[in-house]
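Each step along the sequence shown adds one to the number in UniProt numbering, with nothing skipped, and position 323 is 323.
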Amino acid sequence: MEDAMVVSVKRDLYGNGRLVKASDLSLGPRQCMPSSQSTATTVIFQQGLQDCGNTLQMTSDWLIYSTNLTYSPTPSRNSPIIRTNSAVIPIQCYYLRHGNVSSNAIKPTWIPFSSTISAEERLSFSLMLMNDDWSAPRTSSIFTLGDIFHIEASVDTTNHVPMMIFVDSCVATLSPDATSSPHYEIIAQNGCLLDGKQEDSSSAFRSPRPTPDRLQFTVDAFRFVGSDNSMIYITCNLRAVGASQVPDPMNKACSFSKSSNLWTALEGNGAICSCCETGNCATTSSSRRLNPWYPGQRGVGKREAPSGPLSDQEHKWATLGPLLVVGAEQSQALAVTQESTNVELWVLVTLGILSVAVIVVGALVAFIMK
């Protein structure tokens with residue numbers, strides 16, 4: 001039924017065990033009422049895409065029908081009070097403008113009815129610092145040269161079919177602007193951890209991957225040469241694809257092995273990493289979409305609508321920082337400062353105790369002399 005939308009609403013709308021009245025729910029600006037298919041626990045709306053005052057927006061790739069579900073609580077009987085808040089929930093239906101049903105059928109990725117109510121239920125990406133044993137997020141963002149950044153990229157697949165995450169690119173800068181200068185590419189070419197090729201670097205993806213929706217890698221701490229600014233930002237392009245995706249030059253996580261002097265793949269055949277050396281991993285069209293310097297991608301957190309082979313995936317920019325990286329001498333200075341502060345405090349406390357002792361002894365002597 002491509003010309004209609006079906007919205008299923010649980011009467012326990014707020015999840016508190018109190019069922020809302022079906023008559024208090026309506027769909028769209030024209031306040032369309034529920035259908036007769038509603039049950040004791042579920043309210044069903046079945047309307048045409050252009051009914052109820054729905055609006056249509058067209059982009060280069062999508063037809064987007066927008067409406068909203070409105071809950072307007074009414075008093076029970078003649079009571080002057082209500083015990084619930086009103087709510088307006090946005091709903092959007094996305095249709096690809098171009099599709100060949102016979103040979104290129106669109107494969108749905110969302111679990112039916114799991115996210116039909118809210119337009120806000122999209123994939124949630126995360127990029128965070130972890131502690132040294134990967135057991136929990138790191139609480140400090142201060143590092144010393146010689147330390148290692150433990151970074152985890154993840155995607156929340158709640159109410160979604162299984163997905164696998166990749167880190168297509170990561171760039172380090174002195175400001176939150178990933179296009180600023182100077183900048184340093186840590187990961188590029190759709191998953192090539194370039195920093196691992198540096199002579200003084202042990203950076204690599206962690207093997208094995210903990211789960212398909214999580215990807216972990218390490219980067220040796222560094223600072224920009226000639227900069228007085230000790231703070232850096234790391235901005236990464238995170239991308240999620242179906243969990244059944246077979247590793248290939250576009251979907252990979254590759255580390256450089258100094259022992260074998262070869263690129264190795266976290267998953268799949270090592271041959272998929274050969275393009276990390278030649279620098280031609282992405283095709284012309286896809287590299288334009290996923291290139292971190294392409295201005296069309298600067299909408300952080302914006303859901304993209306790629307066409308063709310990218311239509312079954314989603315990506316987002318995420319930034320770590322600011323990270324404070326200090327040199328060994330600065331670290332020692334901080335330690336000395338902290339130690340000096342503790343010594344000064346101890347001396348002050350000791351002097352205070354001695355002063356009290358002197359006063360007590362003086363008072364005792366004066367009493368005896370009397």
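Glycine included, C-beta positions come from ideal geometry on N, C-alpha and C.
Bear in mind the structure is a predicted one, so any value in this text is a computation, not a measurement.
C-beta contact flag for V7 and L25 at 7 Å: no
F256 beta carbon less than 7 Å from that of G196: Yes, they are a contact pair.
Given N251 as reference, the closest of D220, N190, L123, S203 once Cα atoms are compared: N190
Straight-line gap, A87 to L69 (C-alpha atoms, nearest Å): 8 Å
Beta carbon of V219 nearer than 7 Å to that of F149: yes
Short Cβ contact (7 Å threshold) for F125 with L238: yes
The ligand GTP heavy atom lying under 6 Å from the CB of L193: Of ligands this structure carries none, so the ligand GTP is not represented either.
Runs of beta strand (DSSP E) lying entirely within the region 139-224, each at least 3 residues, in chain order: Runs of the beta strand (DSSP E) inside the region 139-224: 142-144, 148-156, 163-173, 183-187, 214-220.
Test item: CB-CB of I89 and T67 under 7 Å: no
DSSP state of D12 mapped onto helix, strand, coil: coil
Inter-residue Cα distance where the pair is E185 and D156: 26 Å
G270 versus R30 - alpha carbon distance: 58 Å
Straight-line gap, N342 to V246 (C-alpha atoms, nearest Å): Reliability of the predicted coordinates at N342 is poor, the pLDDT of 46 falling under 50, and the value obtained from them is presented with this limitation in mind. Approximately 57 Å between the Cα atoms of the pair.
Which listed residue (A318, R206, A188, D200) has its alpha carbon closest to that of C275: A188
W293 to K10 span [Cα, whole Å]: In this prediction, W293 scores a pLDDT of 42, lower than 50, which makes its location untrustworthy; the coordinate-derived value is nonetheless stated afterwards. Spanning the two alpha carbons is a distance of roughly 44 Å.
Extent of the continuous beta strand (DSSP E) run through residue 371: Residue coverage of the chain in this structure runs from 1 to 370, which leaves residue 371 outside it and unanswerable.
Rounded separation between D61 and D12 - CA only: 36 Å
T264: first and last residue of the uninterrupted beta strand (DSSP E) it sits in: Where T264 is concerned, the enclosing beta strand (DSSP E) stretches over 262-265.
One or two residues paired with D248 in a DSSP bridge: Looking at the DSSP output, D248 sits in a beta bridge with N251.
Beta-carbon proximity list for S203, same chain, < 8 Å, skipping 5 on both sides: I186, L193, D195, G196, F217, T218, V219, D220, S255
Cβ shell of D147 (< 7 Å), same chain only, five flanking positions each side left out: A221
Buried/exposed call for T337, threshold 16 Cβ in 10 Å: Reliability fails at T337, whose pLDDT of 47 lies under 50, so the model's placement of it is uncertain and the value that follows must be treated cautiously. Answer is exposed; the Cβ neighbour count stays below 16.
Cβ-based neighbour list, A4, same chain, cut-off 8 Å, excluding 5 preceding and 5 following: Q46, Q47, G48, L49
Whether P212 touches A243 by CB criterion (7 Å): yes
Distance between D200 and L324 (C-alpha atoms, nearest Å): Straight-line Cα distance between these residues: approximately 20 Å.
Candidates T74, W317, P249: closest to K21 by CA position: T74
Cβ-based neighbour list, C32, same chain, cut-off 8 Å, excluding 5 preceding and 5 following: S26, F45, Q47, D51, C52
Rounded separation between L215 and M128 - CA only: Distance between the alpha carbons of L215 and M128: 11 Å.
Same chain, Cβ closer than 7 Å to S38, neighbours up to 5 away in sequence not counted: A22, I44
For T278, the three-state DSSP class (helix, strand or coil): helix
DSSP state of A40 mapped onto helix, strand, coil: coil
Own chain, CB closer than 6 Å to N131, minus 5 neighbours either side, in chain order: R138
Of the residues T173, S180, A265, the one placed nearest R223, counting alpha carbons only: T173
Alpha-carbon spacing of A153 relative to A40, whole angstroms: 42 Å
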